[in-house]
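Everything below concerns the one structure shown next.
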Amino acid sequence: MTRNLTVAAAQLGPIARTDTRAEVVARLLALLDEAAAAGVELVVYPELALTTFFPRWYLEDPDEIRSYYETEMPGPATQPLFDRARELGIGFCLGYAELATDAEGTVHQYNSQILVERDGSHVATFRKIHIPGHDANEAWRPFQHLERRYFEPGPDGFGVWRAFDGLVGMMICNDRRWPETYRVMGLQGVELILCGYNTPLHYAPDPSQDPLQGFHNHLVMQAGAYQNGTWVVGVAKGGVEEGVDSLCESAIIAPSGEIVARAATTGDELVVATCDLDWCQNYKGTLFDFDYYRMPQYYGRITAQKGAVLPPAPPLTEPGGTGGKLEEVSPS
Ligand code: CDT
């Protein structure tokens, strides 16, 4: 049995600080047209796909900060994307910075992804949960990663929606590094996880990780896919943007954990794969049959605590003891 869905990761190269929404949307439309010609049914764009990755700067002008957010989706600049996608019968997932006003009138700043069905209907808006980086200006860094200044964690958790004839979930960039992200969706039967990312190649707190960025990116998504029997689509905005080099390597990963399609360039590129959603059952119904094999009675710490709680340390010295060290034995 097969339930095939042809999906595209629509990788983007750099977006300059001066690029207008109209210029960016024209690039999104070009990828959408290419997707239509390839028979794609769902196009996944990256995180914060409408602007440059502004958290790399400590911005102080409120008007400039506000200029990076969308107050409506679609808005005037993004309406052409919604219109063309509906005409073509293609669904899409788009990352953007969102200003959302709640019922009490409080304005929230989220790092969001919208999912739109092939008929143009709104499936869901997901707001990033694991907000990385820092919130204060850290002048020692060659560039900032101020997501914790510009975004608050999404309030809704990791949902899974019936869409595209399957069960679809979303996560954004740093969310992909956390196993709980996938498992919470796995426990809702997820078959396809959509993830946009912006990952600078340089990690200032520990540059020894720089050459491993590509490895870690695929490692976490491949493990999450396999351990939960789901497809994962990871889509980069990468290349050298405003002097900062970011990872590309967008990939579509099968429930086996194998990469079935990946980007070859560091620019705008469409990566296409036909995903058999029924392949998920090979894993969900065997090795990762959660209902049969999981042992949640031993997983309480996962939600009961946040940081690690270490076992008690042995006392350094005990009367007549060695403080845990083996006594030296002199050769006889
Ligand atoms: N955008 C985003 O979430 N990027 C992070 C960088 C972490 S380093 C501050 C990522 O996980 O790729």
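Residue numbering for the sequence shown follows my numbering, starting at 604 and increasing by one per position.
Note that beta-carbon positions come from the ideal geometry of N, C-alpha and C, so glycine has one too.
It should be emphasised that the depicted structure is a prediction, and the values quoted were computed from it without experimental measurement.
Burial state of residue i (16 or more Cβ within 10 Å)
| i | result |
| --- | --- |
| Gly927 | Residue placement at Gly927 is flagged as unreliable, the pLDDT there being 46, under the threshold of 50; a coordinate-derived value is accordingly withheld. |
| Leu815 | exposed |
| Gln747 | buried |
| Asn740 | exposed |
| Ile775 | buried |
Proximity test, residue i beta-carbon vs the ligand CDT heavy atom, cut-off 7 Å
| i | result |
| --- | --- |
| Asn801 | yes |
| His748 | yes |
| Cys883 | no |
| Pro735 | yes |
| Glu741 | no |
| Tyr806 | yes |
Residue i versus residue j - alpha carbon distance
| i | j | result |
| --- | --- | --- |
| Ser670 | Pro914 | 49 Å |
| Val647 | Asp894 | 31 Å |
| Asp778 | Thr920 | 43 Å |
| Val627 | Thr654 | 7 Å |
| Glu673 | Tyr699 | 7 Å |
| Arg620 | Glu861 | 36 Å |
| Glu690 | Tyr902 | 47 Å |
| Pro683 | Leu697 | 13 Å |
| Asp809 | Gly692 | 45 Å |
| Glu930 | Met898 | Unreliable placement is indicated for Glu930, whose pLDDT of 49 sits below 50; no coordinate value is reported for it. |
| Asp879 | Pro745 | 43 Å |
| Gly837 | Glu852 | 9 Å |
| Ser935 | Tyr896 | With a pLDDT of only 45 at Ser935, under the threshold of 50, the placement of this residue in the model should not be trusted; the figure read from the coordinates follows. Taking the straight line joining both Cα atoms gives about 54 Å. |
Own chain partners of residue i with C-beta closer than 7 Å, once the 5 adjacent residues on each side are dropped
| i | result |
| --- | --- |
| Leu850 | Thr802, Leu804, Gln816, Gly817, Asn820, Ala839, Gly841 |
| Ala766 | Leu718, Glu720, Val726 |
| His711 | Ala703, Asp705, Glu755 |
Own chain partners of residue i with C-beta closer than 6 Å, once the 5 adjacent residues on each side are dropped
| i | result |
| --- | --- |
| Gln825 | Ile856, Gly860 |
| Gly789 | Asn831 |
| Tyr785 | Gly827, Asn831 |
Own chain residues within Cβ distance below 8 Å of residue i, not counting five before or after
| i | result |
| --- | --- |
| Val643 | Thr609, Val610, Ala611, Ile693, Leu873, Val875 |
Discussion item. Does the structure place the segment 828-845 close enough to the segment 654-668 that three or more beta carbon pairs sit under 8 Å?
Written reply: yes
Worksheet entry | Inter-stretch contact (C-beta, 8 Å, three-pair minimum) for the segment 868-888 and the segment 609-619 | These segments touch.
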